[in-house]
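J.:
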Amino acid sequence: MKIKSTEIVDTFAEAFKMWASRIIITAQTSDWALAAARSMTGFATSVIGCKCEAGIERQITADSSPDKRPGVSVLLFAMDSESLGKRLVERIGQCVMTCPTTACYNGLQSEHSVVVGGQLRYFGDGFQISKKLNDRRYWRIPVMDGEFLVDEKFNVQAAVGGGNILLLGKDMNTTLRAVKAAVKAMREVEGIILPFPDGVVRSGSKIGSKYKALIASTNDAYCPTLRAVRQDTSLAADVNCVLEIVIDGLDEAAVREAMRRGLYAAAKPGIRQITAGNYGGDLGQFKIDLHSLVDGQ
Amino acid sequence: MSLELTLHTSPQVPVEAENISPDKFAGLTIAEIETLSVMHGNEQLTLADFFKVEGQTGAEIHLQGDLSRLKYIGSGMSSGHIHIHGNTGQHLGAAMSGGEILVDGDAGDWVAPDMSGGRIQIKGNAGHMVGSAYRGSPVGILGGEIIIHGDVRNEAGHGMRNGMIVVGGNSGDFTGVDMLAGSIIVLGKLGIRSGAGMKRGSIVTLQAAAMLPTFSYACTYQPTYLRIYMQYLKDSGLAIDEAHISGNYERWSGDAIELNRGEILLYKD
Chain W
8 MKIKSTEIVD TFAEAFKMWA SRIIITAQTS DWALAAARSM TGFATSVIGC KCEAGIERQI
68 TADSSPDKRP GVSVLLFAMD SESLGKRLVE RIGQCVMTCP TTACYNGLQS EHSVVVGGQL
128 RYFGDGFQIS KKLNDRRYWR IPVMDGEFLV DEKFNVQAAV GGGNILLLGK DMNTTLRAVK
188 AAVKAMREVE GIILPFPDGV VRSGSKIGSK YKALIASTND AYCPTLRAVR QDTSLAADVN
248 CVLEIVIDGL DEAAVREAMR RGLYAAAKPG IRQITAGNYG GDLGQFKIDL HSLVDGQ
Chain V
228 MSLELTLHTS PQVPVEAENI SPDKFAGLTI AEIETLSVMH GNEQLTLADF FKVEGQTGAE
288 IHLQGDLSRL KYIGSGMSSG HIHIHGNTGQ HLGAAMSGGE ILVDGDAGDW VAPDMSGGRI
348 QIKGNAGHMV GSAYRGSPVG ILGGEIIIHG DVRNEAGHGM RNGMIVVGGN SGDFTGVDML
408 AGSIIVLGKL GIRSGAGMKR GSIVTLQAAA MLPTFSYACT YQPTYLRIYM QYLKDSGLAI
468 DEAHISGNYE RWSGDAIELN RGEILLYKD
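Protein chains in written order, with this note's numbering: chain W, 8 to 304; chain V, 228 to 496.
#1: Which runs of the beta strand (DSSP E) spanning at least 3 residues fall entirely within the stretch 9-58 of chain W, listed in chain order?
#2: Using a Cβ cut-off of 9 angstroms, which residues of the stretch 376-401 of chain V contact any Cβ in chain W, in chain order?
#3: So, V:L493 versus V:S429, is the Cβ gap smaller than 8 angstroms?
#4: For W:Y286, count the other beta carbons within 10 Å of its own beta carbon; 16 or more makes it buried, fewer makes it exposed. Which is it?
#5: Using DSSP with H/G/I as helix, E/B as strand and the rest coil, what is W:D296?
#6: With contact counted as at least three CB pairs below 8 angstroms, one residue from each stretch, are the stretch 364-382 of chain V and the stretch 341-352 of chain V in contact?
#7: Mark W:T225 as exposed unless 16 or more other C-beta atoms lie within 10 angstroms of its C-beta, in which case mark it buried.
#8: For chain V, is any of its Cβ atoms less than 8 angstroms away from the one on W:L233?
#9: Counting C-beta neighbours from all protein chains within 10 Å, is the total for W:I254 16 or more, i.e. buried, or is it exposed?
#10: Grab the span of the beta strand (DSSP E) containing W:H119 for me, first residue to last.
#11: Kindly indicate which three-state DSSP category W:I99 falls into: helix, strand or coil?
#12: Look at the Cβ atom of V:Q449, then the Cβ atom of V:S473, and state whether they are nearer than 8 angstroms.
#13: Just the C-alpha distance for W:L270 and W:A223, rounded to the nearest angstrom, thanks.
#14: Do three or more CB pairs link the stretch 296-316 of chain V to the stretch 330-338 of chain V at distances below 8 angstroms?
#15: Where W:Q280 and W:A235 are concerned, what is the direct C-alpha to C-alpha distance, given to the nearest angstrom?
#16: Identify the continuous alpha helix (DSSP H) that holds V:Q458 and give its terminal residues.
#17: Within a Cβ cutoff of 7 angstroms, which residues of the same chain sit near V:A244, ignoring the five residues on either side of it in sequence?
#18: Does any residue of chain V bring its CB to less than 8 angstroms from the CB of W:E159?
#19: Along the stretch 401-416 of chain V, where does the CB come closer than 8 angstroms to a CB of chain W? Name the residues.
#20: Which residues in chain V sit within 8 angstroms of W:D70, going by Cβ to Cβ distance?
#21: Please confirm if W:R147 has its CB atom under 8 angstroms from at least one CB of chain V.
#22: Mind the definition here: the stretch 412-429 of chain V touches the stretch 360-368 of chain V only if three or more C-beta pairs lie below 8 angstroms; say whether that holds.
#23: By Cβ distance, which residues of its chain are closer than 7 angstroms to V:I392, with the 5 residues on each side in sequence left out?
#24: Which residues in the same chain have their Cβ closer than 7 angstroms to the Cβ of W:I10, if we skip the five residues on either side of it in sequence?
#25: Sorted by chain position, which residues of the same chain lie with C-beta nearer than 8 angstroms to W:V54's C-beta, five sequence neighbours on each side aside?
#26: Please confirm whether W:A51 has its beta-carbon closer than 8 angstroms to some beta-carbon of chain V.
#27: Rounded C-beta distance between W:V157 and W:Y145? I'm assuming under 8 angstroms.
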């Protein structure tokens with residue numbers, strides 16, 4: 008199956024059940040909100056090494072933010088709700104509360120929640136103040152520019168992590184252009200993030216390693232430099248660069264839509280194939296078949 | 228459809244009508260509602276002695292007529308809606324824990340003593356002791372919202388422990404006296420000695436106010452939480468300008484004769 012001249016490989020992306028939260032960060036200006044959001048989503052590319060995955064979902068206008076200031080929506084994912092709660096306390100405490108003028112709100116509707124502001128309040132050393140409006144409790148924590156306002160609880164929900172597509176291109180520049188186009192198109196979808204640098208990962212991994220201490224290692228079947236030494240290389244002779252986009256979403260539909268848009272945006276001359284990473288279907292709870300994403304299938 | 232109670236006989240003395248409540252009406256027919264008791268002075272009568280009852284049971288309750296001598300309407304209610312198309316008497320919504328009461332006119336003294344939840348909105352004025360602790364009790368309302376679009380008289384929020392009282396007009400003296408926590412927002416002028424004896428909690432006013440000597444100026448800043456509260460009040464129909472949402476407020480801490488953890492926020496234009 009092809010989109011234009013690019014072959015869509017008959018395979019599937021194997022994705023996993025994760026837990027997600029949506030964090031709304033507001034500030035006096037959009038620059039400060041973005042500064043906090045960038046800090047909060049730093050070092051959050053993969054649960055394997057970072058304990059969570061996070062990214063900026065979108066910017067929010069003052070009109071639609073909780074306190075009528077400009078803001079940013081961040082999605083944060085972890086493998087279970089308990090771990091997610093810990094990451095939220097760490098990252099909101101260290102990256103949002105520290106940033107001038109910010110406030111931080113729950114942005115998700117869900118029946119599950121974790122206590123965040125209710126723990127961060129202790130930073131107030133007894134001077135913190137609780138406010139409750141419409142059954143929603145906020146904490147006012149005194150800080151050096153005034154007060155940091157944070158929701159007592161943040162909702163969490165079951166989500167999908169690890170959706171992916173791999174772009175197999177004839178050279179680096181062609182593949183970079185295609186992957187940038189794909190990222191731009193995918194980021195239009197609400198409810199997803201692309202947790203790697205500017206949405207792209209070059210160091211795709213496989214499970215396991217010859218070194219016992221490592222649980223993952225380089226995806227050698229997709230490394231062009233190893234084509235001559237790997238009998239089971241996945242790369243055709245004219246593929247010299249592979250880049251991957253990983254997608255985490257609040258639900259499977261959002262991940263599928265992002266992948267679909269990515270396929271169409273990335274299918275350009277010089278992109279030989281678009282495929283997806285999986286583990287044979289034995290590990291992940293979700294299998295997203297690439298062909299099912301192509302229109303008319 | 229709604230359940231309509233229309234006053235046909237004005238009481239000569241105050242009537243205690245705590246049976247006018249969605250909780251008390253639940254599961255009753257109109258005939259049964261008509262037989263619910265009320266105390267007319269020291270005389271026990273029925274609702275039918277004062278009201279014509281018609282409409283659909285289990286729906287929103289609408290009260291018509293001058294009810295300024297009817298006390299305890301909505302007492303103890305936990306859910307449902309009461310709409311009073313006129314004035315009402317004392318102890319409106321006493322001990323209510325949920326639901327909503329809307330009054331188109333004025334309310335008497337002691338609005339919502341012992342309230343723990345729900346919402347009361349009064350389009351006119353209210354009397355003394357709105358959301359206050361009963362005499363002898365150290366604790367006023369425990370939660371809920373009381374929004375009064377007009378003025379209130381003295382001791383609004385006396386001893387309140389949680390919840391929110393909003394006054395669209397002016398408040399009387401000793402607003403928030405002995406307050407334990409919660410929020411009082413006065414869009415007009417605060418009466419004298421407001422916040423006296425308060426331990427915690429917030430009193431906010433959009434006008435200049437005379438501070439007790441036991442309150443100390445802390446800073447002028449933009450409280451983020453007030454942006455949310457002010458927007459909420461604007462959405463509730465109160466006269467809130469953009470400047471009130473995003474503007475500066477002076478923070479005064481007090482009362483120093485108590486914990487000194489309360490605050491009075493004065494809007495600075």
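Glycine included, each C-beta is placed from N, C-alpha and C at the ideal position.
T.: Reading off the structure:
#1: 13-15 and 19-33
#2: N389, G390 and M391
#3: no
#4: exposed
#5: strand
#6: yes
#7: exposed
#8: no
#9: buried
#10: H119 to V122
#11: helix
#12: yes
#13: 26 angstroms
#14: yes
#15: 20 angstroms
#16: T451 to D462
#17: V265, L297, K298, Y299 and I300
#18: no
#19: A408 and S410
#20: In chain order: nothing, as chain V lies at least about 11 angstroms away.
#21: yes
#22: no
#23: V357, G358, I373, A383, G384 and I411
#24: L270, Y271, A274 and V301
#25: M25, E60, F84, A85, M86 and G168
#26: no
#27: 7 angstroms
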